[in-house]
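Enquirer: Can you keep this structure in mind? I'll have questions shortly.
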Amino acid sequence: MKNMRRYLLLVGLLLLGLLLVACGGETEDGDEGGAAATSESGGEEAASGGEESGEVEAAADAVTIRYSLWDSGQQPAYEACAAAFTAANPNIIVTVEQFGWDDYWNSIQTGFVSGDAPDVFTDHLAKFPEFAVKEQIMDIQPFVEADGVDLDQYITGLADLWVREGKRYGLPKDWDTIAVVYNKEMLDAAGIDPAVMEDWSWNPVDGGTFEETVAMLTLDANGNNGLSPEFDKENVVQYGFIHQGAGGFSGQTQWSHFAASNGFQFTDGPWTTQYYYDDPALAETLDWYVSLIEKGFAPGLADVTSLGPQQLIISGQGAMTTDGSWQIGNYVDNSTFEVGFGKLPVGPAGRKSMFNGLADSIYVGTEHPEAAWEWVKFAASPECANIVGDTGVVFPAIQSGVERTLAVRDGQGIDVSAFTEEALDPEGTFLFPITDNGAEISAIMDPVMDSIVLGEVDAATALQEANEQVNALFE
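Using this note's numbering, you'd call the opening residue of the sequence shown number 937 and step up by one each time.
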């Protein structure tokens, strides 16, 4: 109870600090305008509770650590973690900055060039290999060994993702998988029991029972569904499936799960030097993916790109999509209907989901490496994981935090087991591709995938040519 009072006090003080910042006009959301949303864990605002609080008051000689992240949904949780951290370490203030995805990575890259990158930032498996090769982020293995950090406290496999040739470039903060998001009202209206998702099937030839369900959920202006011979694909008012776009080089929420369940794999494992984009299993999958658009069961790429797949679901324009666990809160908080989360369909090679993890990395040019490390260590600790878990926004990298996230959603009557059960299946996940040349691979594959989903090129031919270019990067 004492710890809970202390935590609530810290959060209350933090919110008061945010209110004072808001009154000063610093309220623009980085997701929309590109400007950073910033808050501090210490200083005058955070310590405005006076002598009675005292716990978040920074020392007079405190150093300030800038911490950047891209997810606005996680910002409040890490502001609370920062407040708790400064309460225990009054000589270190943590300023939390948030940018939208594209602006975020632009700011990181610009900061590397100018020497003004944040001291600590949330890193991604697609990005850190390049940062490591260019020696832009610190090897924290010496810190880990000196402080005896228990790497076994993290969900199995997460800590190892950030190691290359004995050097460690981050400590895990959370993980994610992919599942089906659906509008329960639309399923009810179509007479579809969500229980079908327990064992529904998919294949690239006819789409299996998954495509049959998508067709049943697709309606034209006359009320005909996609299975009806009267269905008018030029006059659709409700799509059965909202795809997530072309997917670029990884197709994380778009096509990767379908392709993997068809036997496709990106590489032979982390740090290998050969990609298999030319595998017929991927071309077959993408041909099927595009066929949903051609049949009128899914919107065109332009609509998804301009409006956003999440907004299309939330606004009631589609019945189902596939998305990552980090989006749970977005759907639940912003939909006016009951949202459900179901399992991905079982393909010829089984049910598969991409497994991804995030970590915090330290900028090699930080003026305060020890203080930055202390923050990274705390952000990857059970205390911070539990604070994050209590928000229910993501699945933290430590099991106690995961249990708190599940408890939050269970208390709301929301079953998110489709995400967690997939992660527990040893054959049910595959890794985000981790190799060198990530930026160059993206530059090659992104426009190719756009062209395929737009129906401008033959998938097999385009993928073979692109794969040759990708593998040439490693020669």
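Glycine residues also receive a C-beta, built at the ideal position from the N, C-alpha and C atoms.
Per DSSP, what are the beta-bridge partners of Asp-1039 in this structure?
Expert: Its beta-bridge partners do not exist; DSSP assigns none.
Enquirer: Is it right to say Ala-1219 is buried, meaning 16 or more other beta carbons lie within 10 angstroms of its own, or is it exposed?
Expert: buried
Enquirer: Which residue wins for smallest C-alpha separation from Leu-1228, given the options Ser-1317, Ile-1350, Ile-1178?
Expert: Ile-1178
Enquirer: Inspect the beta-carbon positions of Phe-1291 and Ala-1359 and report whether they are closer than 8 Å.
Expert: yes
Enquirer: Kindly indicate which three-state DSSP category Pro-1383 falls into: helix, strand or coil?
Expert: helix
Enquirer: Leaving out the 5 sequence neighbours to the left and right, which residues in its chain are closer than 6 Å to Asp-1274 when beta-carbon positions are compared?
Expert: Residue identity check: residue 1274 is Glu in the sequence provided, not Asp. Cβ neighbours of Glu-1274 beyond the five flanking positions: Lys-1120.
Enquirer: Is the separation between the beta-carbon of Thr-1031 and that of Glu-976 shorter than 8 Å?
Expert: Pairing Thr-1031 with Glu-976 gives a Cβ-Cβ distance under 8 Å.
Enquirer: For the structure I just gave you, are there three or more beta carbon pairs, one from the stretch 1166-1177 and one from the stretch 1311-1329, closer than 8 Å?
Expert: Taking a contact to require three or more Cβ pairs closer than 8 Å, the stretch 1166-1177 and the stretch 1311-1329 do not qualify as touching.
Enquirer: Candidates Val-1049, Asp-1055, Gly-1036, Val-1393: which alpha carbon is nearest Arg-1002's?
Expert: That would be Asp-1055, whose Cα lies nearest to the Cα of Arg-1002.
Enquirer: Excluding the 5 residues flanking Leu-1097 on each side, which residues of the same chain have their C-beta closer than 8 Å to its C-beta?
Expert: Leu-1061, Pro-1108, Pro-1206, Gly-1293, Ala-1295, Leu-1367, Ile-1370
Enquirer: Alpha carbon to alpha carbon, how far is Ala-1016 from Leu-950? Give it in angstroms, no decimals.
Expert: Low local confidence applies: a pLDDT of 34 at Leu-950 is under 50, so the model's placement there is unreliable, with the coordinate-based value given in what follows. Approximately 7 Å between the Cα atoms of the pair.
Enquirer: Have a look at the DSSP bridge pairing and note the partners of Ser-1317.
Expert: In DSSP, Ser-1317 forms no bridge with anything.
Enquirer: Where Glu-1363 and Thr-1000 are concerned, what is the direct C-alpha to C-alpha distance, given to the nearest angstrom?
Expert: 44 Å
Enquirer: Give the single residue among Gly-1252, Val-1132, Gln-1210 whose Cα lies nearest to the Cα of Tyr-1175.
Expert: Gly-1252
Enquirer: Name the DSSP beta bridge partners of Phe-1277, please?
Expert: Val-1117
Enquirer: Between the beta-carbon of Trp-1006 and the beta-carbon of Phe-1048, is there less than 8 Å?
Expert: no
Enquirer: Tell me the DSSP secondary structure of Ser-984 in three-state form.
Expert: Because Ser-984 carries a pLDDT of 32, less than 50, the predicted location of this residue cannot be relied on, and the following value inherits that uncertainty. Reduced to three states, the DSSP call for Ser-984 is coil.
Enquirer: Specify, as a first and last residue, the run of the alpha helix (DSSP H) that Leu-1367 falls within.
Expert: First-last for Leu-1367: 1365-1367, but that is the beta strand (DSSP E), not the alpha helix (DSSP H).
Enquirer: From Thr-1221, Glu-1066, Gly-1162, pick the residue whose C-alpha is nearest to that of Val-1389; which is it?
Expert: If you compare the alpha carbons of Thr-1221, Glu-1066, Gly-1162 with that of Val-1389, the shortest gap goes to Thr-1221.
Enquirer: Tell me whether the beta-carbon of Thr-1365 lies closer than 8 Å to the beta-carbon of Thr-1058.
Expert: no
Enquirer: From Asn-1373 to Glu-1066, what does the alpha carbon distance come to, in whole angstroms?
Expert: 7 Å
Enquirer: Let me check understanding here. Comparing Cα to Cα, which of Tyr-1118, Trp-1037, Lys-1103 lies closest to Met-1256?
Expert: Tyr-1118
Enquirer: Can you tell which of Ser-1008, Val-1080, Gln-1405 has its C-alpha closest to the C-alpha of Gln-1210?
Expert: Gln-1405
Enquirer: Can you tell me which of the three DSSP states Pro-1130 falls into?
Expert: helix
Enquirer: Pick helix, strand or coil for Ala-1398, following the three-state DSSP scheme.
Expert: Helix.
Enquirer: Output the distance between the C-alpha atoms of Asp-1269 and Ile-1323, rounded to the nearest integer angstrom.
Expert: 19 Å
Enquirer: Identify whether Trp-1309 lies in helix, strand or coil by the three-state DSSP scheme.
Expert: Reduced to three states, the DSSP call for Trp-1309 is helix.
Enquirer: Are the CB atoms of Asn-1198 and Gly-1283 nearer to each other than 8 Å?
Expert: yes
Enquirer: Between Thr-1341 and Gly-1325, is the Cβ-Cβ spacing less than 8 Å?
Expert: Yes, these two residues count as a Cβ contact at 8 Å.
Enquirer: Considering Glu-1339, what are the terminal residues of the alpha helix (DSSP H) in which it resides?
Expert: 1335-1347
Enquirer: Mapping DSSP to helix, strand and coil, what is Ser-1289?
Expert: Strand at Ser-1289.
Enquirer: What separation, rounded to the nearest whole angstrom, lies between the Cα atoms of Gly-1349 and Glu-1071?
Expert: 46 Å
Enquirer: How far does the alpha helix (DSSP H) with Phe-1202 in it reach, from first residue to last?
Expert: Where Phe-1202 is concerned, there is no enclosing alpha helix (DSSP H), given that its DSSP letter is neither H nor E.
Enquirer: Output the boundary residues of the alpha helix (DSSP H) element that contains Glu-1357.
Expert: 1353-1360
Enquirer: For the beta strand (DSSP E) containing Asp-1083, name the first residue and the last one.
Expert: Run containing Asp-1083: none in the beta strand (DSSP E); it sits in the alpha helix (DSSP H), 1077-1083.
Enquirer: Beta strand (DSSP E) containing Pro-1108: first to last residue?
Expert: 1107-1112
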